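For the sequence shown, UniProt numbering assigns the number 1 to the initial residue and increments by one for each residue that follows. Input: a single structure, listed below in structure tokens.
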Amino acid sequence: MRGAMPPESRQYTLVGFAVELDWRPLSFVKPIPAHRVCGVCGLVRRRTAFLPCTHTLCQSCYEQCAQDGARVCPLDGHRWDEEDVELNDCPVEELLKRKVHCWNKE
Numbered sequence: 001m002r003g004a005m006p007p008e009s010r011q012y013t014l015v016g017f018a019v020e021l022d023w024r025p026l027s028f029v030k031p032i033p034a035h036r037v038c039g040v041c042g043l044v045r046r047r048t049a050f051l052p053c054t055h056t057l058c059q060s061c062y063e064q065c066a067q068d069g070a071r072v073c074p075l076d077g078h079r080w081d082e083e084d085v086e087l088n089d090c091p092v093e094e095l096l097k098r099k100v101h102c103w104n105k106e
């Protein structure tokens, strides 16, 4: 069809959901919501931390930032207190409802 736009595609790497999916880049038909994607490493993990500065970190990046007690956002330098962070789990079912392109698609 002339003038048709190709479907929007977003590639993400999931970690902690299923052995078959973990660490394998997946091309999703529609983008995954930003609050599910780590702003530092770009991975989609089961647990994320939503910081007061509105950035999202995966649990691994969050723990690294909190490990030394500094509690500073690696993206903008804003300090945060532990009680101001919202930890969220991403249900596997939420991702299983999303369409992905075939791994063999060129």
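All C-beta atoms, glycine included, are put in the ideal place defined by N, C-alpha and C. None of the values given here were measured: they were computed from a predicted structure.
Which residues DSSP lists as bridging residue i, in chain order
i	result
TYR12	LEU26
LEU57	ALA49
SER100	Per the sequence shown, the amino acid found at residue 100 is Val instead of Ser. Bridge partners of VAL100: PHE28.
ARG79	VAL72
Same chain, Cβ closer than 6 angstroms to residue i, neighbours up to 5 away in sequence not counted
i	result
GLY39	HIS55, THR56, LEU75
PRO6	Confidence is the limiting factor: at PRO6 the pLDDT is only 44, short of 50, which leaves the residue's position unreliable and the question unanswerable from this model.
TYR62	ALA49
GLN64	none
Chain-order list of residues whose beta-carbon lies under 7 angstroms from that of residue i (same chain, five-residue window excluded)
i	result
LEU87	ARG47, ALA49
LYS97	none
ARG79	ARG71, VAL72
GLY3	Below a pLDDT of 50, predicted positions are generally treated as unreliable, and GLY3, at 43, falls in that range; the measurement from the model is reported next regardless. Result list for GLY3: empty, nothing under 7 angstroms.
ALA34	THR56
Residue interval of the beta strand (DSSP E) (run including residue i)
i	result
VAL86	Reading the sequence as shown, one finds Glu at residue 86 and not Val. 86 to 89 is the extent of the beta strand (DSSP E) around GLU86.
Neighbourhood of residue i by C-beta distance below 8 angstroms, restricted to the same chain and skipping five residues each side
i	result
ASP22	LEU14, VAL15, GLY16
LYS30	GLU8, ARG10, ARG98, LYS99
Cβ distance (whole Å) where residue i is taken to contact residue j below 8 angstroms
i	j	result
PRO52	ASP84	5 angstroms
LEU43	VAL100	LEU43 to VAL100, Cβ: 16 angstroms. No contact.
Below-7 angstroms beta-carbon distance, residue i vs any chain B residue
i	result
LEU87	The chain labelled as chain B is not found in the depicted structure, where only one protein chain is given.
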